[in-house]
Amino acid sequence: MRKSSAATELWTTLPKPRGPVMKHILGQPLGALGLVLIVLGFVVAFAAPWIAPYDPLATDYGNAIAPPSFAHWMGTDSFGRDLLSRILFGGRTAFLIGVSASFIGCTIGLFVGITSAYAGGWVDAIVERFMEILLAIPITVLALVLVSSLGRNMVYGVDLNLVFAIALPIIPKMARVARSQALTIRNLSYIDAAVTLGFSDLRIIVRHMAPNIFGPYIVMLTAFISQAILIEASLSYLGLGVAEPTPSWGLMLAGNAFNTSMTAPWIVIYPGLAIALVVFAFSMFGDALRDVFDPKARADR
Amino acid sequence: MLQFIGRRLLLALPTLLGVATLTFFMLHVLPGDLVETMLRAEGGNPSVELVAAERARLGLDQPLIVQYFEFLKGLAVLDLGQSHWTGKPVAEEIFSRLPVTLEVAALSMIVAIALAIPLGTIAGMYPGSTVDYAIRSFAIAGIALPSFWFGMVVALAMLWYFNWLPPLGTASLFKNPLTALQQLILPAIAVGYRYSAILIRMMRSSVIETMHEDFVRTARAKGLAMRTIIRRHVIPNSLLPTITMIGLEFALLVGSLVVIEQVFSLNGIGRLFIESVSRSDFIVIQGIVMVLTLIFIAVNFLVDLAYAVIDPRIQLG
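Quick note, the sequences are listed as chains E and P, same order.
Residue numbers are given in full-length UniProt numbering: position 189 of the first sequence equals residue 189, and the series is strictly consecutive.
Residue numbers are given in full-length UniProt numbering: position 110 of the second sequence equals residue 110, and the series is strictly consecutive.
Below, the structure written as structure tokens:
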């Protein structure tokens with residue numbers, strides 16, 4: 001079962017997909033299911049304004065806490081707002097914040113890691129210490145501290161500070177992976193060749209090192225989208241994330257939703273299922289991607 | 001051994017200092033003015049003089065660097081300062097709420113390990129079988145379900161089917177163990193399930209790997225019963241990566257704890273944290289981050305110690 005150490009090293013040095021990536025992912029039932037759910041989620045979230053049966057913000061107190069029916073497929077909340085419409089619009093919030101936070105965190109982390117490995121010496125030492133400090137603070141705790149200190153900064157209806165608060169704890173995790181990969185790449189002869197040719201450091205990092213870490217980058221990116229969506233939901237649930245009245249799945253569970261749900265369980269069931277489904281989709285897709293890019297880590301060999 | 005402990009403690013100090021510095025400066029970009037918020041909460045519109053006087057009383061009119069060194073000076077003698085909101089010492093606020101959080105944390109960990117070791121081992125013994133698929137689905141669900149929501153659903157199910165709700169208030173595990181256990185078990189299951197999902201996957205893959213080791217083949221060849229091989233050879237050798245995971249993912253547990261306390265109205269650190277964030281009482285936030293980081297470092301330290309106990313090949317030093 002074990003590969004010889006030389007073969008193992010070759011794999012860690014230059015992670016390359018075996019054949020077309022998509023073919024392999026679609027060959028794995030769970031990964032394919034994840035991808036289908038992600039695409040479906042994106043389409044539904046994008047199309048929310050056109051397919052949602054009601055205005056997600058419209059209150060109807062005469063029809064509050066109505067059980068699921070043909071008029072309201074998922075029932076209504078304690079303000080009489082249609083749950084299905086709120087979940088569709090909440091999907092926009094989740095995808096927007098999850099994808100952008102993970103993208104920002106992973107991209108910054110990628111370049112921090114590569115630069116640190118490429119520069120070496122004291123730059124590497126200082127960056128490493130700083131990343132260790134960030135890693136020592138639990139991810140949700142770090143996000144909470146940032147949310148409390150930054151306040152809100154709304155741009156086009158998106159709280160940029162919230163995105164940043166979720167992205168920051170991702171940076172050291174990505175940086176650590178990128179650095180270890182970059183350390184091996186750095187010693188390959190083509191990098192020496194590039195240095196000898198007099199290419200600028202920036203060009204070497206962006207054009208010659210980063211593309212070779214694309215595999216781990218895309219795996220981490222997918223994995224952290226599900227993390228970021230979970231953190232957004234947790235923060236919103238705590239009343240420190242997305243602000244009312246913006247529909248958000250975490251926010252739908254907040255306040256007295258739990259107490260109300262003792263007589264009206266649908267208020268709590270559906271938003272949670274939405275979160276679980278999306279997190280499931282990204283985790284499974286991420287696992288499939290990892291199997292493609294790093295066959296050593298396959299769950300079922 | 002003593003040398004190892006001493007060195008690890010010394011290594012933890014720069015990290016703690018770094019966390020303290022980072023947290024302090026992150027919190028002091030704070031735009032919300034605590035003093036104004038506080039005085040407004042007492043009613044009326046505070047005058048400019050009153051706000052200034054309060055700021056001076058709390059030491060908030062000092063330059064940032066002076067405040068920073070005051071904070072560090074306090075930390076050196078384990079003084080976390082006084083809450084700006086209640087005026088009580090931060091250490092007292094934190095330590096009165098720490099037991100509940102630690103109890104839930106310990107119970108969740110027990111739930112997680114009790115699920116992960118047997119399930120991970122069974123799945124790893126028969127990879128690709130129906131049992132394996134069932135266990136893996138169980139683990140995948142644990143990763144996808146947000147623990148605070150899962151907690152709500154479990155509580156709703158208990159109410160729906162057994163008409164049972166956890167007793168209100170906060171009972172001490174030592175004075176009133178039965179009531180306390182009833183309050184703590186649901187949050188522990190919710191958080192522990194999520195935590196166990198990660199451990200099951202780790203345990204499963206390391207059992208698969210161990211099953212192919214030479215010593216397992218030797219044990220089989222000399223006719224040892226499968227049960228003995230699993231118990232004596234496979235499980236101990238597969239535990240190491242799983243235990244590493246317990247330490248690494250402890251941060252995740254802490255994050256879930258902060259949220260789950262809100263669901264079950266437990267008066268722990270998480271509750272205090274959220275309250276302090278909404279009051280922008282950054283002295284308390286700072287203290288909590290320091291205590292949580294310390295616990296995180298301590299758990300990882302214990303994990304390293306556990307290595308030596310489980311695997312005699314590893315020598316600390």
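Glycine residues also receive a C-beta, built at the ideal position from the N, C-alpha and C atoms.
Task: Closer than 8 Å to chain P by CB, Ser148 of chain E - done: By 1-based counting over the first sequence, the position of residue 148 of chain E is 148. Chain P has a Cβ within less than 8 Å of the Cβ of Ser148 of chain E.
Open item on the list: Just to confirm the assignment, what range does the alpha helix (DSSP H) spanning Asn300 of chain P have?
Closed with: Position 300 of the second sequence holds residue 300 of chain P. For Asn300 of chain P, the enclosing alpha helix (DSSP H) stretches over residues Phe282 to Ile310.
TODO: Mind listing the chain E neighbours of Met152 of chain P? Cutoff is C-beta to C-beta under 8 Å, in chain order.
DONE: Mapped onto the second sequence, residue 152 of chain P falls at position 152. Met152 of chain P reaches chain E at Leu253, Phe258, Ser261, Val268 and Gly272, counting residues in chain order whose Cβ is nearer than 8 Å.
Open item on the list: Give me the DSSP bridge partner(s) of Pro89 of chain P.
Closed with: By one-based count along the second sequence, residue 89 of chain P stands at place 89. Paired residues: P:Gln82.
Open item on the list: For Tyr195 of chain P, report the span of its alpha helix (DSSP H) as first-last.
Closed with: Sequence index remark: in the second sequence, residue 195 of chain P carries index 195 (1-based). Per DSSP, Tyr195 of chain P belongs to the alpha helix (DSSP H) from Pro177 to Met211.
TODO: With a floor of 4 residues, list each alpha helix (DSSP H) that falls wholly inside the region 212-292 of chain E, ordered by position along the chain.
DONE: Runs found: 214-237, 249-252 and 257-261.
- [ ] Could you tell me whether any Cβ in chain P is nearer than 8 Å to the Cβ of Tyr190 of chain E?
- [x] Your numbering for residue 190 of chain E matches position 190 in the first sequence. Not closer than 8 Å to any Cβ of chain P, the Cβ of Tyr190 of chain E fails to qualify, so no.
Task: Length of the line joining the Cα atoms of Thr179 of chain P and Gly59 of chain P - done: Residue mapping note: residue 179 of chain P aligns to position 179 of the second sequence, counting from 1. Residue mapping note: residue 59 of chain P aligns to position 59 of the second sequence, counting from 1. Going from the Cα of Thr179 of chain P to the Cα of Gly59 of chain P covers about 43 Å.
TODO: Using 10 angstroms around the beta-carbon of Asp61 of chain P, count the other beta-carbons present and answer buried if the total reaches 16, otherwise exposed.
DONE: Locating residue 61 of chain P in the second sequence gives position 61, where the first residue counts as 1. By the Cβ neighbour-count rule, Asp61 of chain P is exposed, with fewer than 16 other Cβ atoms within 10 Å of its own.
Task: Where Asp82 of chain E sits in the DSSP three-state scheme - done: By one-based count along the first sequence, residue 82 of chain E stands at place 82. In the structure shown, Asp82 of chain E falls within a strand segment according to DSSP collapsed to helix, strand and coil.
Open item on the list: Please report the distance separating the alpha-carbon of Tyr190 of chain E from that of Ala119 of chain E.
Closed with: What you label residue 190 of chain E is simply residue 190 of the first sequence in a count that begins at 1. What you label residue 119 of chain E is simply residue 119 of the first sequence in a count that begins at 1. So the two alpha carbons sit approximately 17 Å from each other.
Open item on the list: Less than 8 Å between the C-beta atoms of Ile200 of chain P and Leu119 of chain P, yes or no?
Closed with: For this step, residue 200 of chain P is matched to residue 200 along the second sequence. For this step, residue 119 of chain P is matched to residue 119 along the second sequence. Going by C-beta atoms, Ile200 of chain P is nearer than 8 Å to Leu119 of chain P.
Task: 8 Å Cβ cutoff met for Leu110 of chain E and Met154 of chain E - done: On the first sequence, position 110 is the one that residue 110 of chain E refers to. On the first sequence, position 154 is the one that residue 154 of chain E refers to. Not closer than 8 Å, so no.
Task: Cβ-based burial, Ser238 of chain P [other Cβ within 10 Å; buried from 16] - done: Sequence index remark: in the second sequence, residue 238 of chain P carries index 238 (1-based). Buried, by the Cβ-count rule.
Open item on the list: For Val299 of chain P, which residues in the same chain have their Cβ closer than 7 Å to its Cβ, ignoring the five residues on either side in sequence?
Closed with: One-based indexing of the second sequence puts residue 299 of chain P at position 299. Closer than 7 Å at the Cβ level, and outside the excluded window around Val299 of chain P, lie Gly247 and Phe250.
Task: Where Ser283 of chain E meets chain P, residues with beta-carbon distance less than 9 Å - done: Counting from 1 along the first sequence, the entry for residue 283 of chain E is found at position 283. Neighbours of Ser283 of chain E on chain P, chain order: Ile140, Ile143 and Ala144.
TODO: Measuring only between beta-carbons, confirm whether Leu162 of chain E sits less than 8 Å from chain P.
DONE: As a working note, residue 162 of chain E is residue 162 in the first sequence. Under the Cβ criterion of 8 Å, Leu162 of chain E is not counted among the residues facing chain P.
TODO: Mind checking who Asp159 of chain E pairs with in its DSSP beta bridge?
DONE: Within the first sequence, residue 159 of chain E is the residue found at index 159, counting from 1. Partner residues in the beta bridge of Asp159 of chain E, as assigned by DSSP, are E:Met154.
- [ ] Have a look at Ser261 of chain E and Ile113 of chain P and give me their C-alpha separation to the nearest angstrom.
- [x] Taking the first residue of the first sequence as position 1, residue 261 of chain E is located at position 261. Taking the first residue of the second sequence as position 1, residue 113 of chain P is located at position 113. Looking at the two C-alpha atoms, the distance is approximately 31 Å.
Task: Same chain only: Cβ atoms within 6 Å of Tyr61 of chain E, ignoring 5 sequence neighbours per side - done: For the purposes of this step, residue 61 of chain E is taken as residue 61 along the first sequence, with counting starting at 1. Around Tyr61 of chain E: Gly80.
Open item on the list: Excluding the 5 residues flanking Val123 of chain E on each side, which residues of the same chain have their C-beta closer than 7 Å to its C-beta?
Closed with: If you number the first sequence from 1, residue 123 of chain E lands on position 123. Excluding residues within five positions, the ones whose Cβ falls inside 7 Å are Ser116.
Open item on the list: Is the separation between the beta-carbon of Ala182 of chain E and that of Met220 of chain E shorter than 8 Å?
Closed with: Numbered from its first residue, the first sequence carries residue 182 of chain E at position 182. Numbered from its first residue, the first sequence carries residue 220 of chain E at position 220. In this structure, Ala182 of chain E keeps its C-beta atom at 8 Å or more from the C-beta atom of Met220 of chain E.
- [ ] Kindly indicate which three-state DSSP category Thr59 of chain E falls into: helix, strand or coil?
- [x] Residue mapping note: residue 59 of chain E aligns to position 59 of the first sequence, counting from 1. Of the three classes helix, strand and coil, the one that applies to Thr59 of chain E here is coil, per DSSP.
Task: Closest residue to Ile65 of chain E among E:Ala94, E:Gly272 and E:Phe258 (Cα-Cα distance) - done: Here residue 65 of chain E refers to the residue found at position 65 when the first sequence is read from its first residue. Among E:Ala94, E:Gly272 and E:Phe258, the Cα nearest to that of Ile65 of chain E belongs to E:Phe258.
- [ ] Determine, using beta carbons only, whether Tyr54 of chain E and Asp82 of chain E come nearer to each other than 8 Å.
- [x] The residue given as residue 54 of chain E occupies position 54 in the first sequence. The residue given as residue 82 of chain E occupies position 82 in the first sequence. With contacts defined as CB atoms closer than 8 Å, Tyr54 of chain E and Asp82 of chain E qualify as a contacting pair.
Task: Spatial distance of Gly6 of chain P from Asn256 of chain E (CA atoms) - done: By 1-based counting over the second sequence, the position of residue 6 of chain P is 6. By 1-based counting over the first sequence, the position of residue 256 of chain E is 256. Distance between the alpha carbons of Gly6 of chain P and Asn256 of chain E: 49 Å.
Open item on the list: Can you check whether the C-beta of Ile297 of chain P is within less than 8 Å of a C-beta belonging to chain E?
Closed with: Walking along the second sequence from the start, residue 297 of chain P turns up at place 297. At least one beta carbon of chain E lies nearer than 8 Å to the beta carbon of Ile297 of chain P.
Task: Selection of the region 135-146 of chain E by Cβ proximity to chain P, strictly under 7 Å - done: So the list reads Ala136, Ile137, Pro138, Ile139, Thr140, Val141, Leu144, Val145 and Leu146, given in the order they occur along the chain.
- [ ] Let me know the secondary structure DSSP gives Ile5 of chain P once reduced to three states.
- [x] Here residue 5 of chain P corresponds to residue number 5 of the second sequence, with the count starting at 1. Ile5 of chain P falls in the helix class under three-state DSSP.
Open item on the list: List, in chain order, every chain E residue whose beta-carbon is nearer than 8 Å to that of Thr242 of chain P.
Closed with: Taking the first residue of the second sequence as 1, we reach residue 242 of chain P at position 242. Chain-ordered listing is empty here: chain E has no CB closer than 8 Å to the CB of Thr242 of chain P, the nearest sitting near 15 Å.
Open item on the list: According to DSSP, Thr76 of chain E sits in a beta bridge with which residue or residues?
Closed with: Translated into positions along the first sequence, residue 76 of chain E becomes position 76. Beta-bridge pairing links Thr76 of chain E to E:Asp82.
Open item on the list: Suppose you measure from the CA of Phe215 of chain P to the CA of Phe285 of chain E; what does that come to, to the nearest Å?
Closed with: As a working mapping, residue 215 of chain P is identified with position 215 in the second sequence. As a working mapping, residue 285 of chain E is identified with position 285 in the first sequence. In this structure, the CA atom of Phe215 of chain P is about 36 Å from the CA atom of Phe285 of chain E.
- [ ] Decide if Ser5 of chain E is buried, meaning its Cβ has at least 16 other Cβ atoms within 10 Å, or exposed.
- [x] Position 5 of the first sequence holds residue 5 of chain E. Caution applies to Ser5 of chain E, whose pLDDT of 42 falls short of 50 and renders its modelled position unreliable; the value that the coordinates give is listed next. It is exposed - the Cβ of Ser5 of chain E has fewer than 16 other Cβ atoms within 10 Å.
- [ ] Consult DSSP for Gln67 of chain P and reduce its assignment to one of helix, strand or coil.
- [x] As a working note, residue 67 of chain P is residue 67 in the second sequence. Here DSSP, grouped into helix, strand and coil, assigns Gln67 of chain P to helix.
Open item on the list: For Tyr193 of chain P, count the other beta carbons within 10 Å of its own beta carbon; 16 or more makes it buried, fewer makes it exposed. Which is it?
Closed with: As a first step, residue 193 of chain P is located in the second sequence; it is residue number 193 there, counting from the start. Its Cβ being crowded by 16 or more others within 10 Å, Tyr193 of chain P is buried.
Open item on the list: I need the boundaries of the alpha helix (DSSP H) containing Tyr54 of chain E, first residue and last residue.
Closed with: Here residue 54 of chain E corresponds to residue number 54 of the first sequence, with the count starting at 1. DSSP places Tyr54 of chain E in no alpha helix (DSSP H); its state is neither H nor E.
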